[in-house]
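Reviewing the structure listed below.
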Ligand SMILES: [Zn+2]
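Numbering (this note's numbering), first residue to last: 2 to 269.
Encoded structure:
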């Protein structure tokens, strides 16, 4: 599943190819459009130029003349700017030369078209918490958010309304580096742990962006850019392997249905 570093990589790759392109028409073969309805969507994006591409949390934000086209890749969403049309290509933006196609084998991805000046005030972006590098993300902020939460810290890190952009892979890595048991309840996290979560969130995501993200399962960014961060994962997907710190065996449990990997000794 693409997480923040993967979405950042897709954004940077697409920027090299589609900035300045004018959308002449759109084909929607499967409805991934959350709002507005398909016909309005097709009408509104027609003749709009892609001015910029930004990212907020795990959303790609295509800045058009009058709108933002928001795209969430969810499990398997991918963009391609070449190749032939296949049955998993669901939305195709045609330019006067070339196209941008959205491909999604699982069909979980979503798109939204929102007026530019309302983009941060309306759903889905209005529900998002702080970006990992936001200066407002402090241990005080995090402690305040955690103080009444009895959920496992792993689930809280996946809740995009507190810190946005952390997914299942990186949450495991952040908690390992912070020496925190993923089942520990939010309201039991202390100030040092809160500081460590913020420190390692930034540290790990920055390194992952530098390496182009991971390529676990079928994630790949457009143009076949493959991330190399999967080689740097310390606990995620390492069930049965030795902990790099203490040589204990890394175990896998499920928290809220999500596979969670940790070292039982380092993360008591
Ligand atoms: Zn260990």
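Backbone N, C-alpha and C define an ideal beta-carbon position, used for all residues, glycine too.
Applying a distance threshold of 5 Å between residue Cβ atoms and the heavy atoms of ligand 1 selects 244, 246, 247, 249, 264, 266 and 267, given in chain order.
Sixteen is the threshold: when 16 or more other Cβ atoms of the shown chains lie within 10 Å of the Cβ of residue 72, as they do, the residue is buried.
The residue from 199, 211, 141 and 157 with its alpha-carbon nearest to that of residue 185 is 157. Judged by DSSP in its simplified three-state form, residue 77 adopts coil rather than helix or strand.
The alpha-carbon of residue 133 is positioned some 7 Å away from that of residue 199. In this structure, the alpha-carbon of residue 232 lies about 11 Å from that of residue 238. In this structure, the alpha-carbon of residue 172 lies about 11 Å from that of residue 165. By the criterion of at least three beta-carbon pairs nearer than 8 Å, the segment 196 to 210 is in contact with the segment 138 to 148.
Exclusion of the five residues before and after residue 107 leaves 76 and 77 as the residues of its chain whose Cβ lies within less than 6 Å of its Cβ.
Residue nearest to residue 95 within the set 124, 116 and 50 is 50 (criterion: CA-CA distance). Judged by DSSP in its simplified three-state form, residue 112 adopts strand.
When secondary structure is reduced to three states using DSSP, residue 185 falls in the coil class, being assigned neither helix nor strand. The criterion of a C-beta distance shorter than 8 Å is satisfied by residue 187 and residue 152. Beta-bridge pairing by DSSP links residue 57 to 60. Looking at the backbone, the Cα of residue 117 and that of residue 55 are separated by about 13 Å.
In this structure, residue 254 lies away from residue 241, with their beta-carbon atoms at least 8 Å apart. A check of alpha carbon separations from residue 87 across 103, 154, 97 and 99 identifies 103 as the nearest.
If you ignore the 5 residues before and after residue 48, its C-beta comes within less than 6 Å of no other C-beta in its own chain. Here DSSP, grouped into helix, strand and coil, assigns residue 101 to strand.
The C-beta separation of residue 14 from residue 214 comes to about 11 Å, leaving the pair out of contact by the 8 Å criterion. As DSSP reads the structure, residue 23 sits in a beta bridge with 50.
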